[in-house]
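What follows is a short report on a single structure.
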Amino acid sequence: MNKEKYIKIILFILFANSIYLNANCIVPNILLKTVQITENETSNPYLIRTNEDVNTFYNIVNRFTYKKQEDKNVIDCLNKENCTYITNSLIENNIINIDLGLHQINYKSYKYPAYTYFDKVQSSINACSIIEDKIKMNKNKWSWEVLASYHSITPHLNRKYKEKLIKNYIKLISQIQN
731 MNKEKYIKII LFILFANSIY LNANCIVPNI LLKTVQITEN ETSNPYLIRT NEDVNTFYNI
791 VNRFTYKKQE DKNVIDCLNK ENCTYITNSL IENNIINIDL GLHQINYKSY KYPAYTYFDK
851 VQSSINACSI IEDKIKMNKN KWSWEVLASY HSITPHLNRK YKEKLIKNYI KLISQIQN
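Residue 871 in our numbering sits at position 141 of the sequence shown, and the numbers go up by one each step.
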């Protein structure tokens, strides 16, 4: 085995199996990254997606500076401070079914301080906590279905999301191996 291939294998093992976000997180980084790119393929930490009426959403966000996205339900709020202001304004106006930040965490389901959704490290810690809770709810057993419950527990939505997760996981693994 040549030296380059050996180094790649060692890096893969370290990356995939033993490097965690922090000592308190049981979820390997590769799985957090898989969720992150499945939720937010651009890796932009400053995204807000509405799952509610888009007109009501824009009545609020038009008071702020933002960048429109191809998907009309999504805006790029440009920076952590602006994102926090927009999020707080949306919440004050009862628009709470919104997906926020790097991991597109749904505020209606998981209420954290607004700024944490838009901080890369804190967003990852929050996503880890959500996934850990899902694993605990499944008697500490991990599966792709459990990981997909990050997005939805509705069977057909869970199945579709699981397929996306596996596809993105394979992409990440192949990037590491190449």
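C-beta atoms are modelled at their ideal positions from N, C-alpha and C, and glycine is treated no differently.
> With a CB to CB cut of under 8 Å and the five nearest residues on each side skipped, what residues in its chain are close to Val765?
Replying inline: Walking along the sequence shown from the start, residue 765 turns up at place 35. If we look at Val765 and ignore the five residues flanking it on each side, its Cβ neighbours are His833, Ala857, Ile861, Leu877, Tyr880 and Leu895.
>> What residue range does the beta strand (DSSP E) around Val765 cover?
In response: Locating residue 765 in the sequence shown gives position 35, where the first residue counts as 1. Note, Val765: premise wrong, no beta strand (DSSP E); alpha helix (DSSP H) at Asn759 to Glu769.
> Looking at C-alpha atoms only, which residue of Asn785, Thr768 and Glu822 is the closest neighbour of Ser882?
Replying inline: Along the sequence shown, read from residue 1 onward, the residue named residue 882 stands at position 152. The option with the nearest alpha carbon to Ser882 is Thr768.
> Can you tell me the Cα-Cα spacing of Arg793 and Thr846, whole angstroms?
Replying inline: Position 63 of the sequence shown, counted from the first residue, corresponds to residue 793. Position 116 of the sequence shown, counted from the first residue, corresponds to residue 846. Cα-Cα distance, rounded: 22 Å.
> Cα-Cα, which of Asp829, Ile760, Lys841 and Asp801 is closest to Ile900?
Replying inline: Stepping through the sequence shown from its first residue, residue 900 is reached at position 170. Ile900 has its Cα closest to that of Ile760, out of Asp829, Ile760, Lys841 and Asp801.
>> Using C-beta distances below 7 Å, list every residue in its chain close to Glu875, excluding the 5 sequence neighbours before and after it, in chain order.
In response: Locating residue 875 in the sequence shown gives position 145, where the first residue counts as 1. Counting only Cβ-Cβ distances below 7 Å, and skipping sequence neighbours, we find Asn888 and Lys892.
> By how many angstroms is the C-alpha of Gln799 removed from the C-alpha of Lys838?
Replying inline: Working through the sequence shown from its first residue, we reach residue 838 at position 108. Working through the sequence shown from its first residue, we reach residue 799 at position 69. Rounded to the nearest angstrom, the two C-alpha atoms are 22 Å apart.
>> Out of Asp783, Asp849 and Lys810, which one is the CA nearest neighbour of Ile825?
In response: Position 95 of the sequence shown, counted from the start, is the residue given in the question as residue 825. Nearest in C-alpha terms to Ile825, of all of Asp783, Asp849 and Lys810, is Asp783.
> Hey, Asp816 and Arg779: beta-carbon distance below 8 Å or not?
Replying inline: The sequence position of residue 816 within the sequence shown is 86, counting from 1. The sequence position of residue 779 within the sequence shown is 49, counting from 1. The question names Asp, but residue 816 is Ile in the sequence shown. Not in contact: Ile816 and Arg779 (Cβ atoms no closer than 8 Å).
> In whole angstroms, what separates the C-alpha of Thr884 from that of Ile821?
Replying inline: Within the sequence shown, residue 884 is the residue found at index 154, counting from 1. Within the sequence shown, residue 821 is the residue found at index 91, counting from 1. Their backbone Cα atoms lie some 25 Å apart in a straight line.
>> For Asn754 and Glu811, I'd like the C-alpha separation in whole angstroms.
In response: Stepping through the sequence shown from its first residue, residue 754 is reached at position 24. Stepping through the sequence shown from its first residue, residue 811 is reached at position 81. Near 27 Å, if we compare the C-alpha coordinates of Glu811 and Asn754.
>> Cutting at 7 Å between CB atoms, please list the residues of its own chain near Pro775, excluding the five before and the five after it.
In response: Locating residue 775 in the sequence shown gives position 45, where the first residue counts as 1. These residues qualify, in order along the chain: Gly831, Leu832, Phe848, Lys850 and Ser853.
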